[in-house]
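Participant:
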Amino acid sequence: MIAKDPKPSMEGGLAKTRRVGPVLPLLVCFLVIVLDGFNTTSISFVVPRLAHEWHLAPALFTTVFVATNIGAAIGFMISGPLAQRFGHRSMGVASVVLFAGSTLVTAYATNIASMSVMRLAAAIGLGAALPIAITAAAGIIGAKHKVAASLLVTTGMSVGAVTGGVAGGPLMSHFGWQSIFVTGGVLPFLLVVAFFRILPARSPVIADAAAVRVSNPLKALFENGLGAYTCLLWLFSFLIFMDVYALLFWVPTLLVDFGFSADHASVGMAAFSIGGLSGNVLMTVAVTMMTLAGRLRVKSALVVGLLLVIISVGSLSQVAVTPAIVLLFIGVIGAGLVNGIMGQTALAVAFYPPEIRATG
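So for the sequence shown, my numbering puts the first residue at 1; every next one is plus one.
(1) Distance, Cα to Cα, Ile-240 vs Val-97?
(2) For Thr-154, report the span of its alpha helix (DSSP H) as first-last.
(3) Do three or more CB pairs link the stretch 152–163 to the stretch 31–45 at distances below 8 Å?
(4) Quick one: using the 10 Å Cβ neighbour count with 16 as the cut-off for buried, is Lys-146 buried or exposed?
(5) Mind checking Ser-312: buried by the 16 CB within 10 Å criterion, or exposed?
(6) Give every residue of the same chain whose Cβ lies closer than 6 Å to the Cβ of Leu-308, excluding the five residues on either side of it in the sequence, and list them in chain order.
(7) DSSP state of Asn-280, grouped into three classes?
(8) Identify whether Gly-225 lies in helix, strand or coil by the three-state DSSP scheme.
(9) Between Met-115, Pro-188 and Thr-135, which lies nearest to Ala-50 when the distance is taken from Cα to Cα?
(10) For Gly-184 and Pro-353, what's the separation of their Cα atoms in angstroms?
(11) Mind checking whether Ser-44 and Phe-249 have CB atoms under 8 Å apart?
(12) Considering only their Cβ atoms, is the gap separating Gly-169 from His-52 smaller than 8 Å?
(13) Indicate the three-state DSSP secondary structure (helix, strand or coil) for Asn-388 in the structure shown.
(14) Per the contact definition of three or more C-beta pairs closer than 8 Å, is the stretch 186–195 in contact with the stretch 75–86?
(15) Compare the C-alpha of Ile-180 against each of Pro-22, Phe-38, Ile-341 and Leu-255 and name the closest.
What follows is the structure in structure tokens.
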């Protein structure tokens, strides 16, 4: 059930957002997602080095990857209800602290079991931080450009992954694999104060909507004609994220089989992420132009991107290619899949009302 409070309380969020303007809050959301992307992908290019140092087969690290996926799913599911109850700022800070602290502790892992537990905890924070930051960005910028704003800040996911792919090899060569997790743990702590001081306590969109309250946000996703949209969106999101995480985690390991060194295998992650960043930017530009023209057509861009993925995967598995061509195909796959993530985000922001958007 959806109800309205007779006297909505903005908790200072809207006033603060108007005072500082939208740029700084959007930048904070963007940086959170950059660090989210860095920490989500960090385990993928650490595994080839760890497998060598711990004298283990890379396949044994599947437990770590599964724990990361489970944690991210838990974070996604709990972020909406908790953000509605405690506010986006509180949940944003809690999410950042959780994934920062857990990532930092991961540097002290001594076996697969301990690393799996630490990655599970970190992934819960990572999974919660992403939708909270996206929803906050959509609320900060206003209704007209909410889709473009959400896509813009989500570009940070690819930026963080590119940064990790490019910097991961040199960091591990000079300071060891632990440096990846130390970097990914320390930097988010520097952002906590900015979250607390800049982000509104609650989404300004929700505050402007007369403090709409949803007694059961999960149930609301299937009411008022949203049921079919929700089921299709969740199915599409599940398939897209399954493919993305599988590639994020295993591309560096597969590149070792292609002849890359363990330290240089992170180049594959950079190629995937650069492709993803390109797809992200193209989707953002397209959505912005369509919004200004009064026509929002995300589905066509989704179809084109996924067709590129199918063609690239088929070519990569059937044709004898050079290392450079391998990286090119990986980049195209990244562009298509990340385009899919951006597209499903745009669809969710477009047809869910703000009071249940984070839950959806």
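Cβ atoms here follow ideal geometry from the backbone N, Cα and C, with glycine treated the same way.
Facilitator: From the atom records:
(1) 27 Å
(2) 146–175
(3) Under the Cβ criterion (8 Å, minimum of three pairs), the stretch 152–163 counts as touching the stretch 31–45.
(4) Flag for Lys-146 reads buried.
(5) buried
(6) Val-332 and Gly-336
(7) helix
(8) coil
(9) For the sequence presented, residue 50 should be read as Leu rather than Ala. For the residues Met-115, Pro-188 and Thr-135, the minimum Cα distance to Leu-50 belongs to Met-115.
(10) In a straight line, the C-alpha of Gly-184 is about 34 Å away from that of Pro-353.
(11) yes
(12) no
(13) This structure does not reach residue 388, given that the chain is present from 1 up to 360, and the question cannot be answered.
(14) no
(15) Phe-38
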